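Peer 1: Submitted below is the structure of interest, expressed as structure tokens.
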Amino acid sequence: MLAGFDIVIVVLAVVVLLVLFAGIKTVPQGFNFTVERFGRYTRTLSPGLNLIVPFVDRVGAKMNMMEQVLDVPTQEIITRDNAIVAVDGVAFYQVLNAPQAAYQVAGLQNAILNLTMTNIRTVMGSMDLDELLSNRDTINERLLRVVDEAAHPWGIKVTRVEIKDINPPANLVDSMARQMMAERDKRAQILTAEGLKQSQILEAEGRREAAFRDAEARERAAEAEARATQVVSEAISKGDLQALNYFVAQKYTEALAKIGSATNSKVVLMPMEASALIGTLGGIGEITKEVFGNGGSSAGARQSGARPPVVRSTDS
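In UniProt numbering, the protein residues as written are 1 to 316.
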């Protein structure tokens with residue numbers, strides 16, 4: 001059996017072990033523990049093995065130092081133009097100062113949640129519905145700035161505030177859809193009108209260019225006609241009637257060619273003497289003789305043994 005002294009030694013050893021276990025604290029990674037001595041904060045324990053004074057010091061708050069996500073529940077908001085929308089979101093925050101987060105506010109997550117919801121109503125309630133739906137990035141930026149500034153004394157950093165869903169009423173969604181369709185139809189009509197306008201402008205420019213070119217062509221033809229008439233007039237004034245015969249025969253022949261080439265003409269009635277055209281052709285023959293020379297023509301005729309054609313005309 002153990003003696004009384006041995007019993008005391010064993011009891012003392014057990015007490016020492018209990019004291020050692022009570023004074024050793026292990027802090028996991030990502031956490032900070034606050035130490036309170038007789039209820040008053042003294043220091044913060046960092047991750048790893050730490051020693052405190054047993055029965056005098058105790059662990060106060062175990063603060064999570066990692067970035068955390070806080071879900072913001074759905075709430076109804078009245079916009080500046082009196083539209084009611086349902087909005088929910090999410091907030092990200094991180095504890096930077098464990099003592100402040102533990103002792104400056106009671107219920108840290110609840111405080112951040114209510115602060116975020118209140119500022120969502122404030123920021124989004126000051127905007128019109130169209131501005132609310134199209135400027136989500138601006139809303140997130142304003143919310144982050146306001147909430148982070150308000151939560152700074154609590155020793156936390158709000159890293160992000162995001163609006164997840166904005167749900168207007170069903171009748172308002174239908175009205176917005178009709179407005180969008182009307183706007184798209186308006187843009188389509190404007191584009192169609194612009195295309196028609198450009199087409200008409202190009203067509204008018206084409207007609208103007210064609211008219212200009214036609215006028216230029218008629219001007220050139222008129223100049224050529226005037227030049228030919230001048231040449232014939234000068235020849236007549238010099239007593240050369242063969243040039244006049246050539247000019248009249250050319251116009252006469254062109255007129256007959258146009259009459260004969262008409263698609264709707266089968267029979268051509270000519271109330272004129274055929275001898276007139278033959279006489280004109282005779283004038284052309286005389287001009288040809290003068291150009292090529294009588295000798296060459298007669299020699300050619302004699303050499304070929306051909307007799308000149310005889311044209312007889314009868315009055316109709």
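Built from N, CA and C at the ideal position, the CB exists for glycine as well.
These numbers were taken from a predicted model, which means no experiment stands behind them.
Is the beta carbon of Val-90 less than 8 Å from the beta carbon of Glu-162?
Peer 2: Yes, the pair counts as a contact, with Cβ atoms nearer than the cut-off.
Peer 1: Please report the Cβ distance between residue 317 and Met-124, rounded to the nearest whole angstrom; I am assuming they are in contact, meaning their Cβ atoms lie under 8 Å.
Peer 2: Residue 317 lies beyond the stretch modelled for the chain, which goes from 1 to 316, so this question has no answer here.
Peer 1: What is the C-beta distance between Thr-34 and Gly-60, in whole angstroms, given that I count them as a contact (C-beta under 8 Å)?
Peer 2: Confirmed, about 4 Å.
Peer 1: Taking C-beta to C-beta, are Ile-112 and Tyr-93 nearer than 8 Å?
Peer 2: In this structure, Tyr-93 lies closer than 8 Å to Ile-112 by Cβ.
Peer 1: Any idea what DSSP makes of Ile-52, helix, strand or coil?
Peer 2: Ile-52: coil per DSSP, three-state reduction.
Peer 1: Among residues of its own chain, excluding the 5 on either side of Asn-97, which ones have a beta-carbon nearer than 6 Å to its beta-carbon?
Peer 2: Closer than 6 Å at the Cβ level, and outside the excluded window around Asn-97, lie Gly-155.
Peer 1: Quick one: what does DSSP say Asn-110 is sitting in, helix, strand or coil?
Peer 2: In this structure, Asn-110 counts as helix in the three-state DSSP scheme.
Peer 1: By Cβ distance below 6 Å, which residues in the same chain neighbour Val-105 in space, the five residues on each side in sequence not counted?
Peer 2: If we look at Val-105 and ignore the five residues flanking it on each side, its Cβ neighbours are Ala-111, Trp-154.
Peer 1: Can you check whether the CB of Val-95 is closer than 8 Å to the CB of Asn-64?
Peer 2: Against a cut-off of 8 Å, the Cβ pair of Val-95 and Asn-64 comes out as a contact.
Peer 1: Quick one: give me the first and last residue of the alpha helix (DSSP H) that Leu-101 is part of.
Peer 2: As written in the sequence, residue 101 is Ala, which differs from the Leu given in the question. Here the alpha helix (DSSP H) through Ala-101 covers 98-103.
Peer 1: Give the C-beta separation of Leu-49 and Thr-26 to the nearest angstrom, bearing in mind that I take them to be a contact with Cβ-Cβ under 8 Å.
Peer 2: Right, the Cβ-Cβ distance comes to about 6 Å (below 8 Å), so this counts as a contact.
Peer 1: Going residue by residue through the UniProt domain "Band 7" (22-180), where are the continuous beta strand (DSSP E) segments of at least 3 residues, counting only ones entirely within it?
Peer 2: Complete beta strand (DSSP E) runs here, min 3: 24-27, 31-37, 40-45, 48-51, 57-64, 68-78, 84-95, 156-167.
Peer 1: Do Val-53 and Gly-23 have their beta-carbon atoms positioned less than 8 Å apart in this structure?
Peer 2: Against a cut-off of 8 Å, the Cβ pair of Val-53 and Gly-23 comes out as a contact.
Peer 1: CA-CA distance, Leu-144 and Arg-58?
Peer 2: So the two alpha carbons sit approximately 36 Å from each other.
Peer 1: Keeping to the same chain, check which residues put their C-beta closer than 7 Å to that of Met-180; ignore five residues upstream and five downstream.
Peer 2: Cβ within range, chain order: n/a, list empty.
Peer 1: Express the C-alpha separation of Arg-160 and Arg-40 in angstroms, rounding to a whole number.
Peer 2: Rounded to the nearest angstrom, the two C-alpha atoms are 33 Å apart.
Peer 1: Use the C-beta contact count for Thr-138: other C-beta atoms within 10 angstroms, 16 or more gives buried, fewer gives exposed.
Peer 2: It counts as exposed.
Peer 1: Excluding the 5 residues preceding and the 5 following Met-127 in the sequence, name in chain order all residues of the same chain whose CB lies nearer than 8 Å to its CB.
Peer 2: The answer, listed in chain order, is Thr-79, Arg-80, Asn-135, Ile-139.
Peer 1: If you draw a straight line from the alpha carbon of Val-10 to that of Phe-55, how long is it in whole angstroms?
Peer 2: Looking at the two C-alpha atoms, the distance is approximately 21 Å.
Peer 1: When burial is assigned at 16 or more other CB atoms within 10 Å of the CB, is Asn-82 buried or exposed?
Peer 2: Exposed, by the Cβ-count rule.
Peer 1: For my contact list, Pro-47 and Phe-21 are in at a C-beta cut-off of 8 Å; report their separation, rounded to the angstrom.
Peer 2: About 19 Å; that fails the 8 Å criterion.
Peer 1: Alpha carbon to alpha carbon, how far is Gly-195 from Arg-178? Give it in angstroms, no decimals.
Peer 2: Going from the Cα of Arg-178 to the Cα of Gly-195 covers about 26 Å.
Peer 1: Give every residue of the same chain whose Cβ lies closer than 7 Å to the Cβ of Thr-229, excluding the five residues on either side of it in the sequence, and list them in chain order.
Peer 2: Counting only Cβ-Cβ distances below 7 Å, and skipping sequence neighbours, we find nothing.
Peer 1: Kindly list the residues whose CB is nearer than 8 Å to the CB of residue 344, restricted to its own chain and excluding five residues on each side of it in sequence; keep chain order.
Peer 2: Outside the displayed range of the chain (1 to 316) lies residue 344, so it cannot be described from this structure.
Peer 1: Could you say which of Ser-199, Leu-129, Lys-62 lies nearest to Ile-166 if we only look at CA atoms?
Peer 2: Closest option to Ile-166, Cα to Cα, is Leu-129.
Peer 1: Pull up the distance between the alpha-carbon of Leu-115 and that of Asp-174, whole angstroms please.
Peer 2: Looking at the two C-alpha atoms, the distance is approximately 33 Å.
Peer 1: Hey, how far is the Cα of Gln-203 from the Cα of Phe-212?
Peer 2: Correcting the residue identity first, residue 203 is Glu in this sequence and not Gln. Looking at the two C-alpha atoms, the distance is approximately 14 Å.
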